[in-house]
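Student: Sending over a structure as structure tokens; questions will come in a sec.
In the working numbering, the protein residues as written are 296 to 607.
Structure representation (structure tokens):
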């Protein structure tokens, strides 16, 4: 199972490499990466989230989710607090702060967490994965997108809450999908299939976007500096430890629940991070660096956390 999980990571790196090589060959015109970003954030990602909710969440599960959701919810809240403390303590520069907060707390649950969870724990763990997925998705498209949107190195000030960033297309799609499930609204199969096809564009385009941006910036931007080390520590050490402590204090006694939540808390950060940073005119190179480095570092982090689960 570990080999299958590591194989999925290698696949991700392969698609990133493809984007890099195609950009190096001059396949893409200037501004193409911006078009990809718009397509992902405004069309493909909302479609993917909508279909995922309809596929994996039932009306009955919505009620039973509440109790189990407290574990990841509390962990996410504590994670943001610790992440913000880290940003302040180490004086992380403006333009990187939103990326840092997201890297600490938010994971690539759909495109890496789901196949990994199925590989390690099977279909019987799907209810617990969905609990984590719901909390993670809400975190990304509320607090996550907001902290990136207000983290502007150009000094632009925001007046009050930036409702545009809170009411993002992905979050709207998520809430609409929950409403469809809650009220049992039927969706024609042809519509679901069409939306699913559009949603399937997210993973390859997001990974190719990273490769394109890497080539445009130069591989010299891919480095392990202080802020990258902080981000890696937050994603693979600090946040998972917070999850473990919350489960211990909360008295969680379901082994499958604990294993799922702990593994999901170690998943690399979301691949759309560079796109969010670009929208906010933040440090896209840093965001690209963090996404790539967390994916590479997970080749070592996953076996270590799997060993931890085996020992406990």
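Here a beta-carbon is modelled for each residue, glycine too, at the ideal position from N, C-alpha and C.
So, at 7 Å on beta carbons, what are the nonlocal neighbours of residue 438 in its own chain, with the 5 sequence-adjacent residues on each side left out?
Tutor: 375
Student: Indicate whether residue 563 and residue 465 have their beta-carbon atoms separated by less than 7 Å.
Tutor: no
Student: What number of angstroms, rounded off, separates the C-alpha of residue 384 from the C-alpha of residue 416?
Tutor: Each residue's CA atom was taken as its position, placing residue 384 and residue 416 some 38 Å apart.
Student: Taking the alpha carbon of residue 571 as the point to measure from, which residue in 305, 509, 323 and 336 has its own alpha carbon closest?
Tutor: 336
Student: Please report the Cβ distance between residue 502 and residue 566, rounded to the nearest whole angstrom; I am assuming they are in contact, meaning their Cβ atoms lie under 8 Å.
Tutor: 6 Å
Student: From 348, 489, 364 and 389, pick the residue whose C-alpha is nearest to that of residue 577; which is it?
Tutor: 389
Student: Could you give the uninterrupted runs of the alpha helix (DSSP H) lying entirely in the segment 455 to 541, keeping only those of 4 residues or more?
Tutor: 458 to 461, 464 to 478, 484 to 494, 497 to 512 and 521 to 528
Student: Excluding the 5 residues flanking residue 425 on each side, which residues of the same chain have their C-beta closer than 8 Å to its C-beta?
Tutor: 351, 352, 356 and 360
Student: Is residue 422 near the ligand HEM, going by C-beta to nearest heavy atom under 6 Å?
Tutor: Among the ligands in the structure shown, none appear at all, so the ligand HEM cannot be discussed.
Student: For a quick check, are the C-beta atoms of residue 429 and residue 396 less than 7 Å apart?
Tutor: No.
Student: Mapping DSSP to helix, strand and coil, what is residue 282?
Tutor: Given that the chain is displayed from residue 296 to residue 607, the structure contains no residue 282 and the question cannot be resolved.
Student: Just the C-alpha distance for residue 307 and residue 548, rounded to the nearest angstrom, thanks.
Tutor: 34 Å
Student: Tell me which same chain residues have a C-beta within less than 7 Å of the C-beta of residue 491, skipping the five on either side of it?
Tutor: Around residue 491, the same chain offers 346 as residues with beta carbons nearer than 7 Å, after the five sequence neighbours per side are excluded.
Student: Shortest alpha-carbon distance to residue 423 belongs to which of 559, 568, 603 and 552?
Tutor: Ranked by Cα distance from residue 423, the options 559, 568, 603 and 552 are led by 552.
Student: From residue 386 to residue 447, what does the alpha carbon distance come to, in whole angstroms?
Tutor: Cα to Cα, residue 386 sits roughly 15 Å from residue 447.
Student: By the three-class DSSP mapping on this structure, what secondary structure does residue 564 have?
Tutor: The answer is coil: DSSP assigns residue 564 none of H, G, I, E or B.
Student: Between the C-alpha atoms of residue 445 and residue 334, what's the straight-line distance to the nearest angstrom?
Tutor: 22 Å
Student: Quick test of your reading: residue 588 and residue 519, contact by CB under 8 Å. State the CB separation rounded to the nearest angstrom.
Tutor: 7 Å
Student: Could you tell me the distance, in whole angstroms, from the CA atom of residue 325 to the CA atom of residue 539?
Tutor: 46 Å
Student: Comparing alpha-carbon positions, which option in 510, 594 and 543 lies nearest residue 321?
Tutor: Out of 510, 594 and 543, 510 has the C-alpha closest to the C-alpha of residue 321.
Student: What residues in its chain sit with their C-beta under 7 Å from that of residue 378, if we drop five residues either side in the sequence?
Tutor: 395, 396, 399, 400 and 529
Student: Between which two residues does the alpha helix (DSSP H) holding residue 419 run?
Tutor: Where residue 419 is concerned, there is no enclosing alpha helix (DSSP H), given that its DSSP letter is neither H nor E.
Student: Which residue marks the beginning of the alpha helix (DSSP H) containing residue 443, and which one marks its end?
Tutor: 440 to 444
Student: Flag this pair as yes or no: are the beta carbons of residue 535 and residue 560 separated by less than 7 Å?
Tutor: yes
Student: On the three-state DSSP scale, how would you describe residue 408?
Tutor: helix
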